[in-house]
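Asker:
Residue numbers (this note's numbering), protein chains in the order written: chain V, 1085 to 1445; chain F, 4 to 285.
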């Protein structure tokens, strides 16, 4: 049973929330919608759930017009980023709610609720009030409530974004296990996130969304290796990919007085207005490298993010250890230029180190 | 420091308690006094300062033929009118408030906020402005001097309060809760009844309390829109007054008339102390 959308558009005010979005989701697969905040992820999920009606376009599920089916008959499940549960019910009643709504047998409800509680690790919490749970536990309850229904379409709208770092890591791991073995083959799983790392880890089919428009569709690996445009490169990397305006001539990449030998995949590019993209992890500290000035140094977890500047060029370097820097310190860095991307003047990918497009094709 | 804090805390509690309770005690003792004990200087303690008697209370249940005022029928009239009007106001008001909170209405330049303001504006006008239209309206449908007529008018007066409180309350209940209910298989009516309403009980209690209070204490409309057939308690109490002010029966009737409000206050206080009013929605 496929979920197919054609040219969905939704424009409630003067901005598109969805702009000609089309997709073809197949059962048993995981789809990740990657986009920044306000890119239309929630709108898209709500449209699939039936909470929003698009201005134009169509959605078909199992060959039938989905837009004619009201929300409560669609058999979808959704987990919100804001831990939404029913505050007047306890944990058990919350999870049993959708089953009771279907007038199932009490004993079947009981079995299913217990199974769901077990799979999210909340056995023993049945009688608790929702308000007595931590954020992570609340989110597990809403996940259990959506699992218990055996919905054909499971929508997860940034389910981890409001959790603290540690819980996020832990739940992400549990999600991965649940998705890989716990879900039936006929479920379509749609997961939205702003976090590229989450996207890579979940390793499903990725849809990159920006300003309501689909920018690229492909496997997580594909998006990582060959982002088709500057926008995608920015969205799918955290910190965003460094973009450097440079000139390529005589087999050399030149910017801010720096001359780097162009690697093979970039050497054939000659056009004007090229931009070189390089991930923050592909730049390293090196005594013999180029000198930059520190604008800001932030330590996040076990990693140091250095914001550097040289002339008009600003870059971010991530270093896998905790280091102390002062503002205006001078550091020397080395570009792993063989990992560099090139984008042409209108932002399209011109060449990739993973052999996607190159200037000649 | 700590002791001073405790001292000050209890000091203010005691002062405030005296401030609140004293008038009630004063009314209570006065209701058992006679002409002599009220007018012959200040007296406080029954049996010591004055000889208590039940005359003030007896007047309230004696029929007018025997020189009493008989507030029993007006009392139940008042209860019936207030409760019915409050109940209908709460039901209609909650439904309108939910619609105003969740759906977008538009008729030319009139939008949701304008409709909400229209409801509240009914209470902005001084009652005297409304009295003539109400009078003419009730007389045109032959409901002057009847309980039904009073209920209709009270609904007009009380529903704005319910709408006002409930719109604000529903706006604080996350919309995602309704949406989750829809996704979990409720149609919009079930979502309202099974999920939104149970989470709005604190708001309903507050709105209900205000409706009951404002309905119960109304004198003006009860006075203007009734004559002989039907009387409400506040009007009847005023009828107690004659050339010699009967402080004892006035006090007794005042106590009887605040009794329902005190009962309402105790019920609400129970909800408050259970923590059911606060923190229903995180």
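Think of the CB as a built atom: it goes at the ideal place given N, C-alpha and C, for glycine as much as any other residue.
This one's a predicted model, so the numbers in the text were calculated from it and none came from an experiment.
Report yes if the CB atom of residue 1272 of chain V is closer than 8 angstroms to the CB atom of residue 1111 of chain V, and no otherwise.
Answerer: yes
Asker: Just to confirm, does residue 238 of chain F get its C-beta within under 7 angstroms of one of the non-hydrogen atoms of the ligand MG?
Answerer: Because no ligand of any kind appears in the structure shown, any question about the ligand MG cannot be addressed here.
Asker: How would you list, in chain order, the residues of chain V whose beta-carbon sits under 9 angstroms from the beta-carbon of residue 202 of chain F?
Answerer: 1170, 1171, 1172
Asker: Among V/1160, V/1418, V/1246, V/1432, which has the Cα closest to the Cα of residue 1373 of chain V?
Answerer: V/1418
Asker: For the segment 168-190 of chain F, which residues have a CB atom closer than 8 angstroms to at least one CB atom of chain V, in sequence order?
Answerer: 177, 179, 180, 182, 183, 184, 185, 186, 187, 188, 189, 190
Asker: Measuring CA to CA, which of F/10, F/145, F/6, F/205 is closest to residue 172 of chain F?
Answerer: F/205
Asker: Considering only residues of the segment 1314-1387 of chain V, which uninterrupted beta strand (DSSP E) runs meet the minimum length of 3 residues and lie entirely inside it, listed in chain order?
Answerer: 1326-1329, 1331-1333, 1336-1339, 1342-1345, 1359-1362, 1367-1384
Asker: Using a 10 Å radius around the Cβ and a threshold of 16 neighbouring Cβ atoms, would you call residue 1404 of chain V buried or exposed?
Answerer: exposed
Asker: If we count the other Cβ atoms within 10 Å of its Cβ and call it buried at 16 or more, is residue 217 of chain F buried or exposed?
Answerer: buried
Asker: Between which two residues does the beta strand (DSSP E) containing residue 1398 of chain V stretch?
Answerer: 1397-1403
Asker: Can you find the residues in the same chain that come closer than 8 angstroms, C-beta to C-beta, to residue 249 of chain F, ignoring five residues on each side of it along the sequence?
Answerer: Answer for residue 249 of chain F: 59, 62, 243, listed in chain order.
Asker: Check distances from the C-beta atoms of the segment 1176-1198 of chain V to those of chain F and list, in chain order, the residues that come in under 8 angstroms.
Answerer: 1181, 1182, 1185, 1186
Asker: Return helix, strand or coil for residue 1071 of chain V, following the three-state DSSP convention.
Answerer: The question about residue 1071 of chain V has no answer, for chain V in this structure spans 1085 to 1445.
Asker: For residue 1163 of chain V, which residues does DSSP report across the bridge?
Answerer: V/1240
Asker: So, helix, strand or coil for residue 1233 of chain V, using DSSP?
Answerer: coil
Asker: Is the CB of residue 198 of chain F under 8 angstroms away from at least one CB in chain V?
Answerer: yes
Asker: Is the beta carbon of residue 150 of chain F sitting closer than 8 angstroms to the one on residue 56 of chain F?
Answerer: Not closer than 8 angstroms, so no.
Asker: Grab me the residues of residue 1134 of chain V's own chain with a C-beta within less than 6 angstroms of its C-beta, minus the 5 sequence neighbours each way, in chain order.
Answerer: 1155, 1158
Asker: Rounded to whole angstroms, how far is the Cβ of residue 38 of chain F from the Cβ of residue 148 of chain F, which I believe are closer than 8 angstroms?
Answerer: Incorrect: roughly 35 angstroms between the Cβ atoms, too far for contact.
Asker: Evaluate contact between the segment 1248-1266 of chain V and the segment 1088-1104 of chain V, counting only Cβ atoms and requiring at least three cross-stretch pairs below 8 angstroms.
Answerer: no
Asker: So is residue 1105 of chain V buried or exposed if we call it buried at 16+ other beta carbons inside 10 Å?
Answerer: buried
Asker: Does the Cβ-Cβ distance between residue 1320 of chain V and residue 1365 of chain V come in under 8 angstroms?
Answerer: no
Asker: Are there 16 or more other CB atoms within 10 angstroms of the CB of residue 1052 of chain V, so buried, or fewer, so exposed?
Answerer: It is not possible to answer for residue 1052 of chain V, since the shown part of chain V is limited to 1085 through 1445.
Asker: Of the residues that make up the segment 1148-1171 of chain V, which ones have a beta carbon closer than 7 angstroms to any beta carbon in chain F?
Answerer: 1155, 1156, 1160, 1161, 1162, 1164, 1166, 1168, 1170, 1171
Asker: Can you give me, in chain order, the residues of the segment 1128-1142 of chain V that have a beta carbon less than 7 angstroms from any beta carbon in chain F?
Answerer: Listed by position, the residues of the segment 1128-1142 of chain V near chain F (Cβ gap below 7 angstroms) are 1133, 1135.
Asker: Considering only residues of the same chain and omitting the five flanking positions on each side of residue 1407 of chain V, which have a CB-CB separation below 7 angstroms?
Answerer: 1388
Asker: Is it buried or exposed, residue 290 of chain F, if we count other Cβ atoms within 10 angstroms and call 16 or more buried?
Answerer: Beyond the ends of chain F as shown, which are 4 and 285, falls residue 290 of chain F; an answer cannot be given.
Asker: For the candidate residues F/180, F/176, F/191, F/85, whose alpha-carbon lies nearest to that of residue 157 of chain F?
Answerer: When each option's Cα is compared against that of residue 157 of chain F, the closest is F/85.
Asker: What does DSSP give as the partner residues of residue 1300 of chain V in its beta bridges?
Answerer: Answer is V/1292.
Asker: Go ahead and pull the three-state DSSP assignment for residue 263 of chain F.
Answerer: helix
Asker: In the DSSP assignment, what residue or residues form a beta bridge with residue 1109 of chain V?
Answerer: V/1087
Asker: Are the segment 1306-1314 of chain V and the segment 1341-1352 of chain V touching by the rule of at least three beta carbon pairs closer than 8 angstroms?
Answerer: Taking a contact to require three or more Cβ pairs closer than 8 angstroms, the segment 1306-1314 of chain V and the segment 1341-1352 of chain V do not qualify as touching.
Asker: Look at residue 1288 of chain V and residue 1116 of chain V and say whether their C-beta atoms are less than 8 angstroms apart.
Answerer: yes
Asker: To the nearest angstrom, how far is it from the Cα of residue 118 of chain F to the Cα of residue 1198 of chain V?
Answerer: 47 angstroms
Asker: Based on DSSP bridge pairs, tell me the residues matched to residue 1092 of chain V.
Answerer: V/1105
Asker: Taking contact to mean at least 3 C-beta pairs separated by less than 8 angstroms, is the segment 1279-1287 of chain V in contact with the segment 1191-1205 of chain V?
Answerer: no
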